[in-house]
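Q:
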Amino acid sequence: MKLWGGRFDKETNELVFSFTQSLSFDRRLLPYDLRVTRAHARALGECGVLDPEELQKVLSTLDALEEEAEQGTFPFAGEEDVHTAVERQLVERLGATGAKLRAARSRNDQVAADLRLLLMEESGNLVQLLGRLMEVILERAEEYLGAVMPGFTHLQPAQPVLLSHHLLAYFEMFRRDTERFLQARRSADYCPLGSGALAGVTFPLPRRYMADELGFSRVTANSMDAVADRDFVLDFLHACVVLMSHLSRLGEEIVLWCSPAFGFVVLDEAFATGSSIMPQKMNPDVAELVRAKAGRVLGSYVAVAHVLKALPLTYNRDLQEDKENLFDALDQVKGCLRVTVEMLSTLEFRTDRMREAAGEGFTNATDLADYLVRKGLPFLRAHEVAGRLVRICLERGIGLEELPLEEYRKVEPAVEEDLYEAISLEKCLKARDLEGGTAPSRVEQALREARDWLEKEREKWMGGFLHLAP
Ligand code: ARG
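So the number in the numbering used here is just where the residue sits in the sequence shown, counting from 1, plus 1096.
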């Protein structure tokens, strides 16, 4: 069956059919297309295109089709797209009544409605998955509270930090990611039904009623905009891209940390892979794939952005190219989130090795300079003096804390015995006692706040998302 063809004498060329068809991928929209068709049928009932008896028949056929869609037995038969497939079933099962459903709609407003529903639902799902990831991060940060590690800049040892502080940095990134997905959900939350092909329809469809039926908060304001734009897809993909950049950084750190050169973590065997030739290997392929998939998801964003740019209003078939990119990005992001949750929750942290590394590489040199500032030196001078002292220690192969007081005094007479306390690992941490700093008391407070936030948010998410699929 075709939804068009009256004005054609010739059959469609086979190549053209397979080139233009979208059923192979838009069948994923089936549950949404059925919901949209149900709202449309009710609206047609309201404006008298379907009489009450016809409407009842359509609704019960849609019940059956929904059941089949859920069971995976919906009878697709190589139609052009999912909208045609649904239509065909209505016509086959209901005859002339089924054929009435096409009034007052176009696949252009239909596909926009389907996609918007999918994105509202999936944004909610991703927020839930992010909630699980944040929960694991908090659990690990609570479990290892007190563990010290080197913080890096340029991947060079910089200053000691708490492992929990490092983990909470990711918590903040993922917290913002949830906000981006909630924003993406709001972008999608407009009902385009009633826009028809582009100009609106000639039947008085109750647009707000249809929106309510489907769980949309608002209706689109302009029929041409409603069928022409997919900026809400870009908003969603943008959230995916940023999330993937965060996940890939975490993946990268896990790759580095489980290398013996760092030795900061040990992967659970169930989350590592081996080598076909080197029997000793235990490789972090999962983290590497997460890292790599960030590029793939960015590719999807770029592809859709390019589909949209310079398209003349309104609908153009180019818009069909949004779907495979969107679906692939969505699947990759979900897969990455799920596997990262598990990998992180089974990761073993080698806190002994981290602590050892935290004391190497002169990570207390800033604290030495700050000490000298407290003794009255301008920071520029203090920095230079501390640099000299690092140099002396480097030549002797010792740390700043091992250099005798006389040696300090030769370089800077202001140094006193209390220096050693000031540059101890514990003090370096404790001294960063301000909001956002790594002092243990601040990190404990940040942990408590993060947990409170997550618990409150999760309650909202539970109440706020309709139709949540696992
Ligand atoms: N499959 C199309 C899409 O994904 C929807 C159908 C609209 N097609 C059309 N020729 N107006 O955008």
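Every residue gets a Cβ at the ideal spot worked out from N, C-alpha and C, and that includes glycine. Please read all numbers here as calculations on a predicted model, not as lab measurements.
Cα separation between R1446 and V1361?
A: Start at 1 with the first residue of the sequence shown, and residue 1446 comes out as number 350. Start at 1 with the first residue of the sequence shown, and residue 1361 comes out as number 265. The C-alpha of V1361 is placed about 5 Å away from the C-alpha of R1446.
Q: Hey, out of V1393, P1302, S1355, whose CA is closest to M1340's CA?
A: Locating residue 1340 in the sequence shown gives position 244, counting from the first residue. Closest option to M1340, Cα to Cα, is V1393.
Q: With contact counted as at least three CB pairs below 8 Å, one residue from each stretch, are the segment 1221-1228 and the segment 1189-1198 in contact?
A: Segments in contact, no.
Q: Please look up how many angstroms separate the CB atoms of M1306 and A1139, rounded, as I've assumed it's under 8 Å.
A: Looking up residue 1306 in the sequence shown gives position 210. Looking up residue 1139 in the sequence shown gives position 43. With a Cβ gap of about 5 Å, M1306 and A1139 count as contacting.
Q: Quick check: what's the CA-CA separation for D1381 versus R1236?
A: Within the sequence shown, the letter at position 285 stands for residue 1381. Within the sequence shown, the letter at position 140 stands for residue 1236. Rounded to whole angstroms, D1381 to R1236 spans 22 Å at the Cα level.
Q: Specify the secondary structure class of R1314 as computed by DSSP and reduced to three states.
A: If you number the sequence shown from 1, residue 1314 lands on position 218. It is a strand residue.
Q: With DSSP as the reference, identify every bridge partner of T1249, one or two as the case may be.
A: To locate residue 1249, count along the sequence shown from 1; it is residue 153. Note: T1249 sits in a beta bridge opposite Q1252.
Q: Around the ligand ARG, what residues have a beta-carbon under 7 Å from a heavy atom of it, in chain order?
A: S1118, D1122, D1177, H1179, S1202, R1203, N1204, V1207, Y1411, R1413, L1415, Q1416, K1419
Q: Quick check: what's the CA-CA separation for A1254 versus P1127?
A: Looking up residue 1254 in the sequence shown gives position 158. Looking up residue 1127 in the sequence shown gives position 31. The alpha-carbon atoms of A1254 and P1127 are separated by roughly 53 Å.
Q: How would you write the range of the alpha helix (DSSP H) that L1111 sits in, first residue to last?
A: Sequence index remark: in the sequence shown, residue 1111 carries index 15 (1-based). It spans 1110-1116 - the alpha helix (DSSP H) in which L1111 sits, taken as one unbroken run.
Q: Measuring CB atoms only, is the segment 1185-1193 touching the segment 1139-1155, in the sense that at least three cross pairs come out at less than 8 Å?
A: Touching, yes, given that three or more Cβ pairs across the two stretches are closer than 8 Å.
Q: According to DSSP, is G1101 helix, strand or coil?
A: What you label residue 1101 is simply residue 5 of the sequence shown in a count that begins at 1. The answer is coil: DSSP assigns G1101 none of H, G, I, E or B.
Q: Is the beta carbon of L1213 closer than 9 Å to that of Q1185?
A: Mapped onto the sequence shown, residue 1185 falls at position 89. Mapped onto the sequence shown, residue 1213 falls at position 117. It is not a contact, given that the beta carbons lie outside the stated cut-off.
Q: Beta carbon of D1285, beta carbon of S1319: below 9 Å?
A: Within the sequence shown, residue 1285 is the residue found at index 189, counting from 1. Within the sequence shown, residue 1319 is the residue found at index 223, counting from 1. Cβ atoms of D1285 and S1319: not closer than 9 Å.
Q: For my contact list, A1461 and A1478 are in at a C-beta cut-off of 8 Å; report their separation, rounded to the angstrom.
A: Position 365 of the sequence shown, counting from 1, holds the residue named residue 1461. Position 382 of the sequence shown, counting from 1, holds the residue named residue 1478. The C-beta distance from A1461 to A1478 rounds to 11 Å, too long to meet the 8 Å contact threshold.
Q: Counting only the same chain and skipping the five closest in sequence on each side, list residues whose C-beta sits under 7 Å from that of F1170.
A: The residue you call residue 1170 lines up with position 74 of the sequence shown. Once the five neighbours on either side are set aside, the close Cβ partners of F1170 are L1126, L1161, E1164.
Q: Restricting to Cα atoms, I'd like to know which of L1310, K1552, L1440 is closest to E1365.
A: Translated into the one-based positions of the sequence shown, residue 1365 becomes position 269. Between E1365 and the set L1310, K1552, L1440, the nearest pair of CA atoms involves L1440.
Q: So, helix, strand or coil for K1556, using DSSP?
A: Residue mapping note: residue 1556 aligns to position 460 of the sequence shown, counting from 1. Helix at K1556.
Q: Kindly indicate the opening and closing residues of the alpha helix (DSSP H) around D1448.
A: Along the sequence shown, one-based indexing puts residue 1448 at 352. Here the alpha helix (DSSP H) through D1448 covers 1447-1454.
Q: Helix, strand or coil: how does DSSP classify T1462 here?
A: The sequence position of residue 1462 within the sequence shown is 366, counting from 1. T1462 falls in the helix class under three-state DSSP.
Q: Determine the burial state of T1298: buried for a count of at least 16 other Cβ atoms within 10 Å of its Cβ, exposed for fewer.
A: Numbered from its first residue, the sequence shown carries residue 1298 at position 202. Result: exposed.
Q: Among residues of its own chain, excluding the 5 on either side of K1098, which ones have a beta-carbon nearer than 6 Å to its beta-carbon?
A: Translated into positions along the sequence shown, residue 1098 becomes position 2. The beta carbon of K1098 lies closer than 6 Å to none in the same chain, with the five residues before and after it left out.
Q: Return the CA-CA distance between K1556 and E1231, expressed in angstroms with no decimal places.
A: Here residue 1556 corresponds to residue number 460 of the sequence shown, with the count starting at 1. Here residue 1231 corresponds to residue number 135 of the sequence shown, with the count starting at 1. Cα to Cα, the separation comes out at about 16 Å.
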